[in-house]
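Participant: Plus 11 on top of the position in the sequence shown (first one is 1) and you've got our numbering.
For every residue, glycine included, the Cβ atom is placed at its ideal position computed from N, Cα and C.
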Amino acid sequence: MAHALSLPAKTTPPLPLRPGSPCRPKTTIATTVPQTPAANKHPVLQPLKHRVIRLADRGRLDDALSTLDLMARRGVPADLVTYSVLLRSCIRFRDLARGRLLHRCLLDSALPLDSVVTNSLITLYSKCGDWDAAFSIFEEMGNRRNLVSWTTMISSAAQNGMEEAAIEMFCEMLETGFSPNEFSFSSVIQACSNTKFMSVGRVVLGSVIKTGFFPWDVSVGCALIDMFAKNHDLVSARKVFDRMLDRNLVAWTLMITRYGQHGHGKEAISLFLDMVLDGFEPDRFTISSVISACTELESMKLGRQLHSLAIRNGFASDTYIGCSLVDMYAKCAVGVHSHVVKSGLASVNFVGNSLVNMYARSGRMEDAIKAFDVLYEKNIISYNAIIDGYLKNSNAEEALELLHQTESMDIGVSAFTFASLLSSAASIGMMSKGQQLHAQLLKAGFGSDKGIGNSLISMYSRCGDIEDACRVFDDMDDHNVISWTSMVTGFAKHGFANQALGLFHEMISTGAKPNEVKAKKAKETCQWLWKNALAGARGERPQQEQ
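1. Can you tell me whether L124 is helix, strand or coil according to DSSP?
2. Quick one: residues in its chain with C-beta nearer than 7 Å to the C-beta of E307, no 5 flanking neighbours on either side, listed in chain order?
3. Taking the C-alpha atoms as reference points, what is the distance between S365 and A396?
4. Quick one: Cα of F197 to Cα of I236, how far?
5. If you drop the 5 nearest sequence neighbours on each side, which residues of the same chain put their C-beta closer than 7 Å to that of D257?
6. Taking the alpha helix (DSSP H) that H449 belongs to, which residues open and close that run?
7. Whose CA, out of I200, L320, P191 and N157, lies closest to the CA of G172?
8. Mind reading off the beta-carbon distance from A437 to C474? Whole number of angstroms is fine, and I expect it under 8 Å.
9. Starting from E193 and walking both ways along the alpha helix (DSSP H), at which residues does that stretch end?
10. Kindly say whether F181, judged by its beta-carbon, lies nearer than 8 Å to any beta-carbon of chain D.
11. I need the straight-line Cα distance from G70 to Q446, nearest angstrom please.
12. For G464, tell me which candidate among L260, W495 and S443 has the shortest Cα-Cα distance.
13. With distances taken Cα to Cα, identify the nearest neighbour of E193 among G223, T187 and V301.
14. If A240 and A279 are in contact, beta carbons under 8 Å, what's the gap, nearest whole angstrom?
15. Note down, in chain order, each residue of its chain lying with its Cβ closer than 8 Å to the Cβ of G314, except the 5 sequence neighbours on either side.
16. So the candidates are V127, R103, R155 and W142; which of them puts its Cα closest to the Cα of M164?
17. Would S126 and L98 be called neighbours here (beta carbons separated by less than 8 Å)?
18. With distances taken Cα to Cα, identify the nearest neighbour of V499 among C481, D488 and M487.
19. Taking Cβ positions, are I102 and T129 nearer each other than 8 Å?
20. CB-CB under 7 Å to A13, same chain, minus the five flanking residues each way: which ones, in chain order?
21. Is DSSP giving A523 helix, strand or coil here?
22. Grab the span of the alpha helix (DSSP H) containing S310 for me, first residue to last.
23. Measuring alpha carbon to alpha carbon, tell me which of I267, M82 and L284 ends up nearest S299.
24. Consult DSSP for I232 and reduce its assignment to one of helix, strand or coil.
25. Between V231, T206 and K207, which lies nearest to G217 when the distance is taken from Cα to Cα?
26. Determine the contact status of I64 and V96, defining contact as a CB-CB distance below 8 Å.
27. To which residues of the same chain is H243 closer than 8 Å at the C-beta, ignoring the five residues directly before and after it?
28. Is it buried or exposed for A49, if we count other Cβ within 10 angstroms and need 16 for buried?
29. Consult DSSP for D460 and reduce its assignment to one of helix, strand or coil.
30. Report the residue from S443, G212 and S497 whose alpha carbon sits nearest the alpha carbon of A234.
31. Short of 7 Å in beta carbon distance, which residues of its chain neighbour N259, apart from the five on each side in sequence? Order them along the chain.
32. Are the CB atoms of S466 and L433 nearer to each other than 8 Å?
33. To the nearest angstrom, how far is the alpha carbon of F252 from that of A262?
34. With K277 as the anchor, note down where its alpha helix (DSSP H) starts and where it stops.
35. With DSSP run on the structure shown, which of helix, strand or coil describes Y401?
36. By Cβ distance, which residues of its chain are closer than 8 Å to L282, with the 5 residues on each side in sequence left out?
Printed below as a string of structure tokens:
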């Protein structure tokens, strides 16, 4: 059969393989599976087999493998269907360790492997990054390779940055007489997205058109759009998109995203409106891409409308969209900032404080500092905003230095800011700074604040001063779950097992009800103390708490 694409195949393997690589078992391959009716209808095998399949489908691989082991101990052999389902589950969860275990079990079983199981092994190793093992199994198949085997290898090579190997395999597949399907074409087109192989990609496009996979198949069309877009040829990408006869949401979103990424915000928004008019409901990826296009155009008005759309469609708490919105509001605000500066309002407190807070929260500390510096009269809100910004960006020393400046200016900071500063002092082991903060917050009147008390307990215990942590705990008028747990953990980390266990029981007796996380932490601490107590009794070295 003549093929539209005919490139010379190489006799050498697509990639050099290391001789003597580990885990290269010889695999017995057969195109059919000789199973006797008696084996398939074994009265014990069937319930256990169904249980293995059910557990594997639910992702409970450990339980499924335990059941497989039970079958082996009862002398009941598993069949290829069972192994195939288990391998499929390993592939889904990218579980190479259990996949290798199943491979060894298959070899020990002496079952003649059919193409389905062998292709599953190739897929497992290739998707989990063990290219050598995948290629070894593929080579051992010889003339038993089918289209799935070839496509799996081509796809794996393309996805792992081995574009040349993928193209060579595609050509070799054609020479062996296989006609590519939509998956083969999509995989080799992905390999051709590399600029070096763009000319090959255009040849593949001709072959795709001649074989009829374009403009009918969506996956092939999307692969072509991506190939052209990655090579900055958006005109050709749009031509492919316009010629697709069956565009789905993925195709629309891909074209919109590529427009936005290449600075064509207007085209992205226009295409989005066409998509909505065509009856498609945007998903989180579509909305995020259009928000990014608004960011490029600094269109705050449209960005807010998209924000409302995201909320209406149930994406209010979606992280993906949230990141795009933060970026959009921050970048659009640069334009607002310019307007504020030109209007002479940047030094006005409530306007300037808003700018400081906005930049600090979005991690743009240089801009936050600039907005802070031009303020005519800095107040508690200004300092809280900039200090919180430093802390959120892991710059505790700058935050503490700024707090020191407020002492001589008679400007206070909030209890929340003090708590954040204490946490930062503890994280970098600045005991002296923590003590200074303690003195300052007492002077500021926050000594009875429960949140401050909890932060002080944590700070002192983390910095190695368990006595001061106890003193703060005892001086508190009231304790909550955080207070109790912080003190129990502090005792435990300093090796005071009896005090930790005693305080834990006292916490329970007071009626304090820790949530699931706090209860788990306390339980783990007590278990750790008990293990170390036993280790000490045996003369072994205690372990550090995780």
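Facilitator: Judging by the given coordinates:
1. Collapsing the DSSP output to three states places L124 in a strand.
2. Excluding residues within five positions, the ones whose Cβ falls inside 7 Å are G271, G274 and G276.
3. Spanning the two alpha carbons is a distance of roughly 9 Å.
4. Note that residue 197 corresponds to Ser in the displayed sequence, not to Phe. Distance between the alpha carbons of S197 and I236: 11 Å.
5. Counting only Cβ-Cβ distances below 7 Å, and skipping sequence neighbours, we find W227 and V229.
6. In this chain, the alpha helix (DSSP H) harbouring H449 covers M442 to K454.
7. Ranking I200, L320, P191 and N157 by Cα distance to G172 puts I200 first.
8. Their Cβ separation, rounded to whole angstroms, is 6 Å, which keeps A437 and C474 in contact under 8 Å.
9. Judged by DSSP secondary structure, E193 falls within the alpha helix (DSSP H) whose first and last residues are E193 to A202.
10. In the structure shown, chain D does not exist; there is a single protein chain.
11. The straight-line gap from Cα to Cα measures roughly 51 Å.
12. Nearest option by C-alpha distance: W495.
13. The shortest Cα separation from E193 among G223, T187 and V301 belongs to G223.
14. Wrong, their Cβ atoms sit about 12 Å apart, outside the cutoff.
15. I302, C305, T306, L336, M339, Y340 and C343, listed in sequence order.
16. Of the listed residues, the one whose Cα sits closest to M164 is W142.
17. No, they are not a contact pair.
18. Taking V499 as reference, the option from C481, D488 and M487 with the minimal CA-CA separation is C481.
19. No, the pair does not count as a contact, with Cβ atoms beyond the cut-off.
20. Its pLDDT being 40, under 50, A13 is placed unreliably by the model, and the measurement read from it follows with that caveat. Counting only residues of its own chain and dropping the five nearest sequence neighbours on each side, A13 has no CB closer than 7 Å to any other CB.
21. Residue state, collapsed to three classes: coil.
22. Premise fails: S310 is in no alpha helix (DSSP H) and is neither H nor E.
23. Nearest of I267, M82 and L284 to S299, Cα basis: I267.
24. A small correction: the amino acid at residue 232 is Gly; Ile does not occupy that position in the sequence shown. Assignment of G232 by DSSP, reduced to helix, strand and coil, places it in the helix class.
25. Cα-wise, what sits closest to G217 is V231.
26. At a Cβ-Cβ threshold of 8 Å, I64 and V96 count as neighbours.
27. Same-chain partners within the cutoff: H273.
28. Below a pLDDT of 50, predicted positions are generally treated as unreliable, and A49, at 41, falls in that range; no measurement from the model is reported.
29. For D460, the secondary structure class from DSSP, reduced to helix, strand or coil, is coil.
30. Ranking S443, G212 and S497 by Cα distance to A234 puts G212 first.
31. Once the five neighbours on either side are set aside, the close Cβ partners of N259 are V229.
32. Against a cut-off of 8 Å, the Cβ pair of L433 and S466 comes out as a contact.
33. The straight-line gap from Cα to Cα measures roughly 8 Å.
34. DSSP places K277 inside the alpha helix (DSSP H), whose first and last residues are G276 to L288.
35. Three-state DSSP puts Y401 in a helix.
36. Within the same chain, L282 has close Cβ partners W263, M266, I267 and Y270.
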